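**Student:** Take a look at this one; I'll ask things after.
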Amino acid sequence: MTDAASQPARQRSEFDGWRSMTLSLYMTLVGYGVLVGIPVISTAWVNLLGFTEEQVGRVAGADLGGLSLGAIITAVIISRSNRKFLILLSASIAILANYLCTLFQDYETVFWLRTMSGVGSGIYTAVAVAALGATIKPTRAFNWMLFAFAFSQALEMHLLPQFTMNGIYWFFIGCFAFSLLFVAWAPSYAHTKQNSLDAPADVLQPSVPSYIPWLCLGAIFVTYINIGAYWTYIELASLDAGVPEKWIGDVLVWASFLSIVGCAFATVVSNRFGLARPLATALIAMTIIVGMLASGISNYNIIVSVFMFNFLWIFIDVYQMSTVAVVDPKGSYAALMPGAQGLGQIVGPNIAGSILGAGMGYKTVFVVCAIAAFSGMLIYVFMYSYLRRVSPQVVAAA
């Protein structure tokens, strides 16, 4: 996973400046804020607004599906658009949607407002991720992002349960608004089209078929079906199984720090074993730790599952983002990664919501989570097996 191996043709640009890097890292944390805090937010929708468990899945899916839609829009237009304008527009959409959520609290209205907020967050996040992907060492930039992500996850798990429903919305409003003070730090345009879908075909590594990056994005989508369903419902499932609310709350906070360990461990392991084998192994382990809850939830197996989930979630993301960087050294598909994640996040909670609405219970939800994680592993095994035959130099770089 060495940057020298995977990004030989890159040159330093304004995206590598500390101002652009700092703003982009902050924006990714804010843009992914709902994704990080969804267990607490889901519980708040049930306890404070009276939504059913099925409705929670629909609303969470709308919010995180909007993230996907916004990222896809950004990937199409970013090469022709002023990035400062996109930041201002997307933040304004998210701020307005969150503010309206403080005024309207019925299910139908909240559903569409969370979709609107998700679209704003998706554009906002995709601009930031594309900027990180345009740096001279995108793998390193993504590692920094995931380290920061782990700390922000712990912060949200600690802070959000202390807020009212409106307090949660105002928290996100404040985070988006703060970034607008530093919009001038963002480069307005890229000097090349390396961050858009209309980039020339030769941006990929030599001998890498054009569908390989799309296969990577498909694998990200599948793995996020598991993440979306598990993370949306893990607190509600634990409470349903009789786990004390304080216990699961503390578990979620402390487990967040395992994300930091996972990110650091992934970097060390990749330097020794590359990307393919650790990624496949991590996804097999993820299959086991989410599937184990299908046999029932107790105070103790929830610790094992949630702690390992947080460790593996970030571990897997480091490898998934690095894999995209290896096969696509110009970063043309970086803006689509939030789209793939968000699409998985809309499908996962909606599948789980439908399962619960049909009365099949949380055990079935966790079986589906395990199947999704295992499917992601199969995609990566196929992809790397194919690349080993047609592009061995790319596999060696990985």
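When you line the sequence shown up against the numbering used here, it's residues 17 to 414, in that order. Even glycine gets a Cβ: it sits at the ideal position worked out from N, Cα and C. Since the model is a prediction, treat every value here as computed from it, not as a measurement.
So what's T118 in DSSP terms, helix, strand or just coil?
**Tutor:** Residue 118 sits at position 102 when you count from the first residue of the sequence shown. T118: coil per DSSP, three-state reduction.
**Student:** Pop quiz: A389 and V334 are said to be a contact at Cβ under 8 Å. What is the actual Cβ separation, rounded to whole angstroms?
**Tutor:** The residue given as residue 389 occupies position 373 in the sequence shown. The residue given as residue 334 occupies position 318 in the sequence shown. A389 to V334, Cβ: 16 Å. No contact.
**Student:** Quick one, are the C-beta atoms of Y140 and V50 less than 9 Å apart?
**Tutor:** Position 124 of the sequence shown, counted from the start, is the residue given in the question as residue 140. Position 34 of the sequence shown, counted from the start, is the residue given in the question as residue 50. Not a contact, by the Cβ cut-off of 9 Å.
**Student:** Mind checking whether A76 and A146 have CB atoms under 9 Å apart?
**Tutor:** Here residue 76 refers to the residue found at position 60 of the sequence shown. Here residue 146 refers to the residue found at position 130 of the sequence shown. Result no, Cβ atoms of A76 and A146 do not sit closer than 9 Å.
**Student:** Quick test of your reading: M308 and L328, contact by CB under 8 Å. State the CB separation rounded to the nearest angstrom.
**Tutor:** As a working mapping, residue 308 is identified with position 292 in the sequence shown. As a working mapping, residue 328 is identified with position 312 in the sequence shown. Contact doesn't hold; Cβ gap of about 13 Å is too wide.
**Student:** Quick one: Cα of F237 to Cα of L359, how far?
**Tutor:** Taking the first residue of the sequence shown as position 1, residue 237 is located at position 221. Taking the first residue of the sequence shown as position 1, residue 359 is located at position 343. Straight-line Cα distance between these residues: approximately 6 Å.
**Student:** DSSP three-state call for R404: helix, strand or coil?
**Tutor:** Walking along the sequence shown from the start, residue 404 turns up at place 388. DSSP places R404 in helix when its eight states are reduced to three.
**Student:** Determine the DSSP secondary structure at L291, reduced to helix, strand or coil.
**Tutor:** Position 275 of the sequence shown, counted from the first residue, corresponds to residue 291. Residue state, collapsed to three classes: coil.
**Student:** For I184, which residues in the same chain have their Cβ closer than 7 Å to its Cβ, ignoring the five residues on either side in sequence?
**Tutor:** For this step, residue 184 is matched to residue 168 along the sequence shown. Counting only Cβ-Cβ distances below 7 Å, and skipping sequence neighbours, we find I57, A60, L176.
**Student:** One question on the structure: do T151 and A157 come within less than 9 Å of each other, judged by their Cβ atoms?
**Tutor:** Here residue 151 is taken as the residue at index 135 of the sequence shown, counted from 1. Here residue 157 is taken as the residue at index 141 of the sequence shown, counted from 1. Going by C-beta atoms, T151 is nearer than 9 Å to A157.
**Student:** In this structure, how does DSSP classify N315 when only helix, strand and coil are distinguished?
**Tutor:** Locating residue 315 in the sequence shown gives position 299, counting from the first residue. Coil.
**Student:** Any chance the stretch 194 to 205 sits against the stretch 27 to 44, with 3 or more Cβ pairs inside 8 Å?
**Tutor:** They touch, by the three-pair rule.
**Student:** Count the C-beta pairs between the stretch 276 to 283 and the stretch 313 to 332 that are closer than 8 Å, then say yes if the count reaches three, no if not.
**Tutor:** Yes, they touch.
**Student:** Using the three-state DSSP reduction, which class does R28 fall into: helix, strand or coil?
**Tutor:** Here residue 28 corresponds to residue number 12 of the sequence shown, with the count starting at 1. The answer is coil: DSSP assigns R28 none of H, G, I, E or B.
**Student:** Among the residues of its own chain, which have a CB less than 7 Å from the CB of Y349, if the five just before and after it don't count?
**Tutor:** Numbered from its first residue, the sequence shown carries residue 349 at position 333. The residues are P229, L233, V340.
**Student:** Excluding sequence positions up to five away, which residues of its chain have a Cβ less than 7 Å from the Cβ of F31?
**Tutor:** Start at 1 with the first residue of the sequence shown, and residue 31 comes out as number 15. Correct list, in chain order: A147, A150, T151, P203.
**Student:** Can you give the Cα-Cα distance for M376 and I395, rounded to whole angstroms?
**Tutor:** Position 360 of the sequence shown, counted from the start, is the residue given in the question as residue 376. Position 379 of the sequence shown, counted from the start, is the residue given in the question as residue 395. Roughly 28 Å between the two C-alpha positions.
**Student:** Express the C-alpha separation of A235 and G392 in angstroms, rounding to a whole number.
**Tutor:** In the sequence shown, residue 392 corresponds to position 376, counting from 1. In the sequence shown, residue 235 corresponds to position 219, counting from 1. When rounded, the distance between both Cα atoms is 5 Å.
**Student:** What ranges does the alpha helix (DSSP H) occupy inside the stretch 60 to 141, keeping only unbroken runs of at least 4 residues that lie completely in it?
**Tutor:** Runs of the alpha helix (DSSP H) inside the stretch 60 to 141: 69 to 93, 99 to 117.
**Student:** If you compare alpha carbons, which of R96, L162, S254 is closest to N317?
**Tutor:** Locating residue 317 in the sequence shown gives position 301, where the first residue counts as 1. Among R96, L162, S254, the Cα nearest to that of N317 is on S254.
**Student:** In angstroms with no decimal places, state the Cα-to-Cα distance between H7 and V269.
**Tutor:** Residue 7 lies beyond the range of the chain shown here (17 to 414); nothing can be said about it.
**Student:** What residues in its chain sit with their C-beta under 8 Å from that of G312, if we drop five residues either side in the sequence?
**Tutor:** Counting from 1 along the sequence shown, the entry for residue 312 is found at position 296. Closer than 8 Å at the Cβ level, and outside the excluded window around G312, lie A257, K379.
**Student:** With a cut-off of 8 Å on the beta carbons, I'd call V381 and Y240 a contact; round off their distance for me.
**Tutor:** Within the sequence shown, residue 381 is the residue found at index 365, counting from 1. Within the sequence shown, residue 240 is the residue found at index 224, counting from 1. 15 Å between Cβ atoms; not a contact.
**Student:** Considering I228, what are the terminal residues of the alpha helix (DSSP H) in which it resides?
**Tutor:** Stepping through the sequence shown from its first residue, residue 228 is reached at position 212. It spans 227 to 256 - the alpha helix (DSSP H) in which I228 sits, taken as one unbroken run.
**Student:** Under 6 Å Cβ to Cβ from F127, same chain only, skipping five residues before and after it: list those, please.
**Tutor:** Numbered from its first residue, the sequence shown carries residue 127 at position 111. Counting only Cβ-Cβ distances below 6 Å, and skipping sequence neighbours, we find V75, A78.
**Student:** Rounding to the nearest angstrom, what Cα-Cα distance links F289 and S40 in this structure?
**Tutor:** Mapped onto the sequence shown, residue 289 falls at position 273. Mapped onto the sequence shown, residue 40 falls at position 24. About 29 Å.
**Student:** What's the C-alpha gap between E69 and F120?
**Tutor:** As a first step, residue 69 is located in the sequence shown; it is residue number 53 there, counting from the start. As a first step, residue 120 is located in the sequence shown; it is residue number 104 there, counting from the start. Rounded to the nearest angstrom, the two C-alpha atoms are 19 Å apart.
**Student:** Do L102 and I94 have their C-beta atoms within less than 9 Å of each other?
**Tutor:** In the sequence shown, the residue the question calls residue 102 occupies position 86. In the sequence shown, the residue the question calls residue 94 occupies position 78. For L102 and I94, yes; Cβs fall inside 9 Å.
**Student:** Distance, Cα to Cα, G265 vs V343?
**Tutor:** In the sequence shown, the residue the question calls residue 265 occupies position 249. In the sequence shown, the residue the question calls residue 343 occupies position 327. Rounded to the nearest angstrom, the two C-alpha atoms are 39 Å apart.
**Student:** Could you give the uninterrupted runs of the beta strand (DSSP E) lying entirely in the stretch 327 to 404, keeping only those of 3 residues or more?
**Tutor:** Qualifying beta strand (DSSP E) stretches: none in this window.
**Student:** Here's a check: name, in chain order, each residue in its chain whose Cβ is nearer than 6 Å to the Cβ of S212, leaving out the five neighbours to either side.
**Tutor:** Indexing the sequence shown from 1 puts residue 212 at position 196. Confidence in S212 is poor, its pLDDT being 42 and thus under 50, which makes the residue's placement too unreliable to answer from.
**Student:** Pull up the CB-CB distance for I88 and G355, whole angstroms please, since I reckon it's below 8 Å.
**Tutor:** Along the sequence shown, read from residue 1 onward, the residue named residue 88 stands at position 72. Along the sequence shown, read from residue 1 onward, the residue named residue 355 stands at position 339. Indeed they touch by this definition, with Cβ atoms about 5 Å apart.
**Student:** Taking the alpha carbon of G53 as the point to measure from, which residue in I243, A193, Q71 has its own alpha carbon closest?
**Tutor:** The residue given as residue 53 occupies position 37 in the sequence shown. Considering only alpha carbons, the answer is I243.
**Student:** Between the Cα of S29 and those of W160, P154, C191, spot the shortest distance and give me the residue it belongs to.
**Tutor:** Position 13 of the sequence shown, counted from the first residue, corresponds to residue 29. The residue with the shortest Cα to Cα distance from S29 is P154.
**Student:** By the 10 Å Cβ neighbour count, where 16 or more other Cβ atoms means buried, how is A217 classified, buried or exposed?
**Tutor:** Within the sequence shown, residue 217 is the residue found at index 201, counting from 1. At A217 the pLDDT is 40, less than 50, meaning the model places this residue with poor confidence and gives no usable figure here.
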